[in-house]
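*Asks:* I have a structure I would like to understand better, so I am pasting it below and will then ask my questions one at a time.
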Amino acid sequence: MELETRQRYTFTKEEKLKSRKTIEQLFTGGNSFSNFPFRVLWKFGETAEAPLQTGFTVGSKRFKKAVDRNRIKRLMREAYRLQKIDLQNQLKQQQKYLAVFFIYVGNEIPEYRLIFDKTGKVLKRLIKISNENSLANP
RNA sequence: CCUAUCAGCCGGGUUAUCGUUUCCCGAUUUAUCGGGAGAAGGAAAGUCCGGACAGCAAAGAGCAACACACCGGUUAAUGGCCGGUCCCGUUUAUAGCGGGGAGACAGUGCCACAGAAAAUUACUGCCUUCUCCCUCUCCUUUGGAGAGGGUCGGGAAGUGAGGCUGAAAACGUGAGGUAAGAGCUCACGGGUUUUUGCAGUAAUGCAAUUACCGGGUAAACCUUGUGUGCUGUAAUGCCACGUAUAUCAGCGUUCCGGCUUGCCGGUAAAGGGCGGCUCGCCCGAUCACUGCACUGCAGUAACGUUGAAGGGUAGGCAGCAAGAUCGUAACAGUAAUGUUGCGGCAAGAUAAAUGAUGACCUUAUCUGAAUGUGGUGAGGUGGGGAGGGGAAACCCUCCUUCGCUGAAGCUACGGAGGGUAAACAGAAUCCGGCUUACAGGCUGAUAGAUUUU
RNA sequence: GGCCUCGUAGUACAAUGGAUAGUAUAAGGGCCUCCGAAGCCCCAGAUCCAGGUUCGAUUCCUGGCGAGGCCA
Numbered sequence: 212m213e214l215e216t217r218q219r220y221t222f223t224k225e226e227k228l229k230s231r232k233t234i235e236q237l238f239t240g241g242n243s244f245s246n247f248p249f250r251v252l253w254k255f256g257e258t259a260e261a262p263l264q265t266g267f268t269v270g271s272k273r274f275k276k277a278v279d280r281n282r283i284k285r286l287m288r289e290a291y292r293l294q295k296i297d298l299q300n301q302l303k304q305q306q307k308y309l310a311v312f313f314i315y316v317g318n319e320i321p322e323y324r325l326i327f328d329k330t331g332k333v334l335k336r337l338i339k340i341s342n343e344n345s346l347a348n349p
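Per my numbering, the very first residue in the first sequence carries number 212; after that it's consecutive.
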């Protein structure tokens with residue numbers, strides 16, 4: 212992978228999706244699509260601390276040990292952190308707020324390479340969704 | 001040096017790039033940047049015990065319920081830990097390790113199948129005797145007496161383990177004894193118990209002595225002793241936002257005194273609380289108005305309370321990181337542990353941080369080049385022996401518990417390089433334990449075996 | 001994080017510490033039928049795991065594993 216050294220690849224507290232309320236709304240009234248091994252929930256909001264807020268989760272039914280869940284979530288966060296910059300800039304430009312939630316639905320601990328590729332595809336699809344939304348509601 | 005057991009400790013390191021979070025300092029564009037310091041475990045796990053802390057009234061008493069149970073010590077406390085003691089198991093070992101320990105003479109229950117019987121009784125059996133029946137003998141005369149017998153019948157008394165089945169059967173063996181038998185008595189042996197002496201704080205041990213030998217089960221009910229009030233940091237307190245100061249049904253109250261005239265005190269009701277029950281106790285007062293009637297009833301309202309059906313929020317701060325604290329030394333103690341001195345401050349997240357990727361090293365294991373070393377070893381040569389040839393020097397053939405040398409191959413050591421693997425597992429209020437999981441490594445103790453000196 | 005409840009055939013449930021762990025249904029085979037359904041007969045299949053108490057454990061005790069529920 213090639214990294215532009217001037218750009219900072221951050222993932223701070225403000226960029227995390229932590230509000231219990233918005234997560235509840237995502238699960239009840241949010242849009243979703245699947246791209247194995249991910250299931251992605253997304254929804255545009257009114258206001259937030261940052262234009263793009265993201266959360267990650269792994270079901271405790273599939274992985275009983277906390278060590279495994281933590282490992283998977285760390286891999287997901289890392290892949291997201293290095294690739295989400297385009298989507299973030301676009302949303303900033305369009306002045307919209309998007310909440311995204313990644314759910315890992317695979318059955319075994321993945322390789323980092325797989326997670327990285329799949330996360331890139333998901334982010335491209337989210338950019339497309341954002342453009343369509345922007346055209347529909349200018 | 002190897003093996004086994006036990007105890008204690010460690011449980012990857014360095015570095016590059018990109019990041020996360022807490023605190024401190026500095027800058028400014030006031031939400032960013034720069035610098036510095038810190039950031040998972042021995043089990044953070046299971047949530048099995050015990051506490052701190054908080055609320056329930058200030059946290060009571062008895063019963064119930066639950067837990068524990070050899071003895072002593074230790075601690076804030078415990079069911080933990082340490083030391084001792086008895087029994088069982090393991091073991092070469094009464095070294096070590098593991099398991100167990102109140103009461104079955106307080107009472108109740110249960111012990112399937114089998115067996116006579118599963119707890120003190122019956123049945124069967126044995127023995128004595130009476131009666132009955134049969135036979136014989138005698139006296140004698142339709143009867144009586146005596147002896148013997150009876151797989152058969154009936155009555156009375158004695159006896160207690162022979163009746164072998166079962167997981168378990170009334171101390172075991174032998175002898176005496178008796179009508180028959182039995183710890184009934186004796187000898188030897190096993191076990192329980194009383195009292196005394198000695199050792200020990202005690203459990204207990206040793207010795208003597210007394211009485212005795214009546215199953216098991218208390219992880220069946222239970223008895224005795226000891227302990228525990230209950231709920232848990234999503235406790236609890238505060239701030240912000242928001243809804244419904246609302247709806248329905250039931251019950252109760254709207255009393256007295258003081259004065260500073262809107263507060264204080266007292267006493268009640270419904271009801272609630274001390275989470276199970278009882279006792280004993282605690283909490284619980286606001287403002288009246290209308291009608292009939294004459295100090296009571298009805299209605300309205302307010303307040304309290306119980307229940308029902310619903311509505312809203314799910315954000316922040318404290319609790320929350322300095323404590324039964326950690327490290328170290330000395331002293332006391334067999335030890336657990338305690339006391340004192342010195343030094344240190346060491347995670348604080350909340351869809352939940354403490355990481356991701358790469359390189360090198362370390363450890364284990366697999367494969368294994370080159371050079372070298374050892375072993376095996378065809379053959380060569382020397383020595384020795386036997387036979388043959390030759391006049392002799394000597395030559396030829398064969399053999400070898402012998403010496404030296406020794407190609408190729410095989411094998412052992414050796415290890416360049418390469419491959420694979422590196423466990424169990426992630427703080428969530430905090431401590432003390434317990435239990436469970438765990439690749440590999442280090443140290444020590446004990447025992448055994450082997451080798452060398 | 002804390003507090004509770006429960007593990008029995010594929011599934012839903014029984015079984016006082018006692019003989020070969022039972023019932024229904026599903027699965028398999030057979031009969032019946034032209035074929036199927038229904039019906040009848042037969043057959044296989046289980047106590048979550050490991051220790052302990054007991055003569056004997058689905059049951060009692062201890063420890064693990066798994067599943068489900070509740071909270072401000």
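Even glycine gets a Cβ: it sits at the ideal position worked out from N, Cα and C.
None of these values were measured; they are calculated from a predicted model.
1) Label T265 either buried or exposed according to how many other C-beta atoms from any shown protein chain fall within 10 Å of its C-beta, with 16 as the threshold for buried.
2) Going by DSSP in three states, T221 sits in which element: helix, strand or coil?
3) What would DSSP say about L346, mapped onto helix, strand or coil?
4) Report yes if the CB atom of R282 is closer than 8 angstroms to the CB atom of I320, and no otherwise.
5) Would you give the residue range spanned by the alpha helix (DSSP H) that L237 belongs to?
6) Kindly indicate which three-state DSSP category L263 falls into: helix, strand or coil?
7) Since Y220 and V269 should fall inside the 8 angstroms C-beta cutoff, what is the C-beta to C-beta distance between them, to a whole number of angstroms?
8) For Q306, which of L293, L334, F222, S345 has the nearest alpha-carbon?
9) Looking at G240 and W253, is the spacing between their C-beta atoms short of 8 angstroms?
10) Assuming R250 is part of the beta strand (DSSP E), what are its boundary residues?
11) I need the straight-line Cα distance from V251 to V311, nearest angstrom please.
12) Apart from the five residues on each side of it in sequence, which residues of its chain come closer than 6 angstroms, Cβ to Cβ, to L286?
13) For V369, which of K276, L309, L263, S245 has the nearest alpha-carbon?
*Replies:* Walking through what the data contain:
1) Indexing the first sequence from 1 puts residue 265 at position 54. Under this definition T265 is a buried residue.
2) Your numbering for residue 221 matches position 10 in the first sequence. Coil, per DSSP.
3) For this step, residue 346 is matched to residue 135 along the first sequence. Looking at L346 - three-state DSSP - the assignment turns out to be helix.
4) Indexing the first sequence from 1 puts residue 282 at position 71. Indexing the first sequence from 1 puts residue 320 at position 109. The answer is yes: Cβ separation under 8 angstroms.
5) Residue numbering aside, residue 237 sits at position 26 when the first sequence is read from its first letter. Where L237 is concerned, the enclosing alpha helix (DSSP H) stretches over 231-240.
6) Counted from its first residue, the first sequence places residue 263 at position 52. L263: strand per DSSP, three-state reduction.
7) Locating residue 220 in the first sequence gives position 9, counting from the first residue. Locating residue 269 in the first sequence gives position 58, counting from the first residue. Not confirmed; about 22 angstroms, so no contact.
8) By one-based count along the first sequence, residue 306 stands at place 95. Selected option, being the one with the closest Cα: S345.
9) Within the first sequence, residue 253 is the residue found at index 42, counting from 1. Within the first sequence, residue 240 is the residue found at index 29, counting from 1. It is not a contact, given that the beta carbons lie outside the stated cut-off.
10) Counting from 1 along the first sequence, the entry for residue 250 is found at position 39. Segment 249-256, the beta strand (DSSP E) holding R250.
11) Indexing the first sequence from 1 puts residue 251 at position 40. Indexing the first sequence from 1 puts residue 311 at position 100. Rounded to whole angstroms, V251 to V311 spans 7 angstroms at the Cα level.
12) The residue given as residue 286 occupies position 75 in the first sequence. Y323, I326, listed in sequence order.
13) The shown model of the chain, from 212 to 349, leaves out residue 369, and the question about it has no answer.
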